[in-house]
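Accompanying notes for the structure given below.
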Amino acid sequence: MTGTGHRLSTFSIVLGTTSSPFAAILSLFGSTFPDSSEYIIFGKRRNRYHRRWTHWFIPWAFLAYICFQRSGWIVPKISTLIDGKNAHFDVWSCVGFWFTGCVLHILEDAWCGTVPFLRPWKRDIGFHVFHMSKKFGEMSRGEKNFVWCCILIGIIAFLVRTYTIEDFVRIITEFMKSI
Ligand SMILES: [Zn+2]
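Going by this note's numbering, the residue at position 30 of the sequence shown is 1056; the numbering climbs one at a time, nothing skipped.
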């Protein structure tokens, strides 16, 4: 999957599940790290090791679990971070969401290709829901459809979880009055 595809789908998935735009942005920052870490570690030899050790979900998921456990399973708040009191819980949670981005990256790669399951040196699990474009960095039609589905579901889940039906009715009636 392309970097843009990873960023957009990860942001939408986390926004829909937490209803926190801040947590979604933190995950977005982590969402391309499994690929960029390959450039850092392997440099030009990257292709030989692509989607192997860096795309093994177990270490990323373990690190995310540790961070969330330390945070007391909270969603971070910018106001608490600025305030500084008990902010360490929120700091752990921020890092947890960054690692969540890495975990989701691997899941998203498994939709269009193969990633390791239990053996990090072997790419043996993949769903092939859509194909990637042959051109590097270009989003294929299947990838675009996948990303749009994530965005739509994420936004709907965010709206449903953040607002009540009364809020929607009020917004619509105010809008009708204004035109
Ligand atoms: Zn990848």
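C-beta: ideal position from N, C-alpha, C; glycine also.
Neighbouring residues (CB closer than 5 Å to any heavy atom of ligand 1): Asp1061, Asp1135
Ile1100 in three-state terms, based on DSSP: Mapped onto the sequence shown, residue 1100 falls at position 74. Three-state result, Ile1100: coil.
Whole-number beta carbon distance between Thr1140 and Ile1151, since they are thought to touch under 8 Å: Against the sequence shown, residue 1151 aligns to sequence position 125. Against the sequence shown, residue 1140 aligns to sequence position 114. Rounded, the Cβ-Cβ distance is 6 Å, consistent with contact.
Every unbroken alpha helix (DSSP H) within the region 1154-1194, with a cutoff of 4 residues, ordered by chain: 1167-1188
Collapsed DSSP secondary structure at Ile1205 in the structure displayed: To locate residue 1205, count along the sequence shown from 1; it is residue 179. Here Ile1205 sits in coil by DSSP.
Bounding residues of the alpha helix (DSSP H) (the contiguous stretch that carries Ile1067): Mapped onto the sequence shown, residue 1067 falls at position 41. Ile1067 -> alpha helix (DSSP H) spans 1059-1068.
Selected residue, minimal CA-CA separation from Lys1148, among Pro1047, Phe1083, Cys1128: Translated into the one-based positions of the sequence shown, residue 1148 becomes position 122. Out of Pro1047, Phe1083, Cys1128, Phe1083 has the C-alpha closest to the C-alpha of Lys1148.
Residue-chain proximity (Ile1132, chain B), Cβ-Cβ < 8 Å: Given the protein chain composition of this structure (a single chain), no chain B is represented.
Counted within 10 angstroms of its Cβ, other Cβ atoms place Thr1058 as buried (16 or more) or exposed: Numbered from 1 along the sequence shown, position 32 holds the residue referred to as residue 1058. By the neighbour-count rule (16 or more Cβ atoms within 10 Å), Thr1058 is buried.
Cβ neighbour criterion (16 or more within 10 Å) applied to Trp1124: To locate residue 1124, count along the sequence shown from 1; it is residue 98. By the neighbour-count rule (16 or more Cβ atoms within 10 Å), Trp1124 is buried.
Residues of its chain near Leu1089, where Cβ-Cβ distance is below 7 Å and the 5 sequence neighbours each way are ignored: Position 63 of the sequence shown, counting from 1, holds the residue named residue 1089. Cβ neighbours of Leu1089 beyond the five flanking positions: Phe1125.
Chain-order list of residues whose beta-carbon lies under 7 Å from that of His1157 (same chain, five-residue window excluded): As a working note, residue 1157 is residue 131 in the sequence shown. Contacts found: Cys1138, Ser1166, Gly1168.
Val1040, buried or exposed, once every other Cβ within 10 Å from all chains shown has been counted against 16: Counting from 1 along the sequence shown, the entry for residue 1040 is found at position 14. With 16 or more Cβ atoms within 10 Å of its Cβ, Val1040 is classed as buried.
Endpoints, the alpha helix (DSSP H) within which Ile1039 is located: The residue labelled residue 1039 in the question sits at position 13 within the sequence shown. 1029-1044 is the extent of the alpha helix (DSSP H) around Ile1039.
Residue nearest to Ile1179 in terms of C-alpha spacing, selected from Ser1204, Thr1030, Thr1043: Walking along the sequence shown from the start, residue 1179 turns up at place 153. Selected option, being the one with the closest Cα: Thr1043.
Top-ranked residue by Cα proximity to Leu1107, from Phe1094, Thr1036, Trp1118: Along the sequence shown, one-based indexing puts residue 1107 at 81. The shortest C-alpha separation from Leu1107 is found at Trp1118.
Exposed unless 16 or more other CB atoms sit within 10 angstroms - verdict on Leu1185: Taking the sequence shown and counting its residues from 1, one reaches residue 1185 at position 159. Answer is exposed; the Cβ neighbour count stays below 16.
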